[in-house]
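Peer 1: There's a structure below that I have some questions on.
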Amino acid sequence: MEKLIQIRIEEEIRNAADEVFRRNGLTTQQAVKMFLTQVANNGQSPFDNLFTPKQR
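Note that the working numbering has the sequence shown beginning at 105, numbered continuously upward.
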């Protein structure tokens with residue numbers, strides 16, 4: 105079963121992202137589905153280490 109996800113985002117950001125995805129032959133919906141599928145399959149997010157302190 106599929107679930108609907110809705111988000112609010114500024115129009116200029118959406119338009120810029122749409123253009124990037126279009127150049128790669130994707131719709132924004134396809135790109136988001138790919139992102140979520142990759143996270144689910146790997147059990148990791150590309151943001152996992154984004155907010156952790158750097159070790160020195």
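For every residue, glycine included, the Cβ atom is placed at its ideal position computed from N, Cα and C.
These figures come from a predicted structure and were not determined experimentally.
Are ALA135 and PHE125 closer than 9 angstroms when you measure CB to CB?
Peer 2: Yes. Within cutoff.
Peer 1: Once DSSP output is grouped into helix, strand and coil, what is the label at MET162?
Peer 2: Because residue 162 is not part of the residues shown, which for the chain are 105 to 160, the question remains open.
Peer 1: Going by DSSP, what residue range makes up the alpha helix (DSSP H) through GLU116?
Peer 2: Its alpha helix (DSSP H) spans residues 115-127.
Peer 1: Give the straight-line distance between the Cα atoms of GLU116 and THR156, rounded to the nearest whole angstrom.
Peer 2: Between GLU116 and THR156, the C-alpha separation is close to 29 angstroms.
Peer 1: Between ALA121 and THR131, how many whole angstroms is the CB-CB distance? I'm expecting something under 8 angstroms.
Peer 2: With a Cβ gap of about 11 angstroms, ALA121 and THR131 do not count as contacting.
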